[in-house]
Amino acid sequence: MAVLGIIIIILALYCTVSWAVTGRIIYLASWIWLLPISVMVFGGIKDVNGLVVLIGAVYIFEMLYLTAGVRLWNSEKLRCNKILFAITIIINLAASLYFAMESYVLGYMPVLNVFGKFGVYISILWGIISTAVAVNIGISVFDKYFSKKEKFVIIKCSSYRGKTKFNTKIRAIKGVQNGNEYIFRATNKCHYMLKNEKSLVMNIKKGVLGGMYVYAKDLMENKPRLQRRINKILIRRGIFTFIALTALVLFVFRVLLGMSFEEIYSSFINVISFKKPI
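In short: position in the sequence shown from 1, add 42, done, that's this note's numbering.
As structure tokens, this is what we get:
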């Protein structure tokens, strides 16, 4: 339990700060699975469901693999086979609903208690949202894993800002190749560094389903001064996010779980020091 508690703390900090620094909303998706497991570990709950932990771990690992090293990506051309899509939905729906329902029944999501008898329906909704996120991540992971390197050139590049189908804001680099327009979504740092470029020659990894992924090492050479200036901005953003996350965690355990600050501190120390909760 102590090892699990330490891993959760590291993952929570890494994913939240990474979201603030890179601007990738996918990092926040980790909280769909981190939150119930965090309550299980630090909330003094005795019923531990190993399968719930395993499901959460698999989904978070997929998310980390998908984002690892990627600074530009294009998923507009990504097309999934109907059979693969159906299998992915069935597997993820079963796993996500089990995760959500068990978390509700075992008390890993105490915030749902305020909804009374409607809490079970909220947990089902939680599972459906988890399924939608997990299917999107799973298909992209499959595409990225079975990918091959190739050279990709775009011209007439420009900065692009828009919204996804989920109405979230995106930063991207838009360019043209052979008369076709491509929009590569970008992390904050990558967007700042490339927004004034007029053409890009990139070593991409193109997936079997049509997605394209570009890594940092192929983009950010010979710009040390600009990198330092951007890093200062992103470091300040990361520090602010860390402070905000700490305040949020204290709020959850103090207000929603009704624990005193002494109990929160004691629970934290017990977990990371391999002691059983009193």
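Using N, Cα and C, we set each Cβ at its ideal position, and we do this for glycine too.
Small disclaimer: the values here were computed from a predicted structure and weren't measured.
- prompt: Quick one: what does DSSP say residue 226 is sitting in, helix, strand or coil?
  reply: The residue labelled residue 226 in the question sits at position 184 within the sequence shown. Strand.
task: In the DSSP assignment, find the unbroken beta strand (DSSP E) run with residue 254 in it and report its ends.
output: Within the sequence shown, residue 254 is the residue found at index 212, counting from 1. Note, residue 254: beta strand (DSSP E), 254-257.
query: Which residues in the same chain have their Cβ closer than 6 Å to the Cβ of residue 264, if we skip the five residues on either side of it in sequence?
result: Counting from 1 along the sequence shown, the entry for residue 264 is found at position 222. Residue placement at residue 264 is poorly supported in this model, since its pLDDT is 49, which falls under 50; the coordinates still yield a value, given next. Correct list: empty, nothing qualifies.
task: Starting from the C-beta of residue 50, find all residues in its chain whose C-beta is less than 7 Å away, skip the five residues before and the five after it, and write them out in chain order.
output: The residue labelled residue 50 in the question sits at position 8 within the sequence shown. Result list for residue 50: 76, 79, 80 and 83, in chain order.
task: Mind checking which residues open and close the alpha helix (DSSP H) that includes residue 144?
output: Translated into positions along the sequence shown, residue 144 becomes position 102. Residue range 124-147 is occupied by the alpha helix (DSSP H) that includes residue 144.
Where the beta strand (DSSP E) through residue 202 begins and ends: For the purposes of this step, residue 202 is taken as residue 160 along the sequence shown, with counting starting at 1. Run containing residue 202: 189-205, per the beta strand (DSSP E) assignment.
query: Once you ignore the five residues that flank residue 155 on each side, which residues in its own chain have a CB closer than 7 Å to its CB?
result: Position 113 of the sequence shown, counted from the first residue, corresponds to residue 155. Sequence-distant Cβ neighbours of residue 155 in its own chain, meaning closer than 7 Å and more than five residues away, are 161.
task: Using the Cα positions of residue 337 and residue 54, report the straight-line distance between them to the nearest angstrom.
output: No answer is possible for residue 337: the residues shown for the chain start at 43 and end at 320.
query: How long is the line joining the alpha carbons of residue 242 and residue 113, rounded to whole angstroms?
result: For the purposes of this step, residue 242 is identified with residue 200 of the sequence shown, where counting begins at 1. For the purposes of this step, residue 113 is identified with residue 71 of the sequence shown, where counting begins at 1. The alpha-carbon separation between residue 242 and residue 113 amounts to approximately 14 Å.
- request: Could you check which residue in 196, 192, 179 and 259 has the C-alpha nearest to that of residue 106?
  value: What you label residue 106 is simply residue 64 of the sequence shown in a count that begins at 1. Among 196, 192, 179 and 259, the Cα nearest to that of residue 106 belongs to 179.
query: residue 244 bridges to which residues according to DSSP?
result: To locate residue 244, count along the sequence shown from 1; it is residue 202. Residue pairing by DSSP puts residue 244 in a beta bridge opposite 194.
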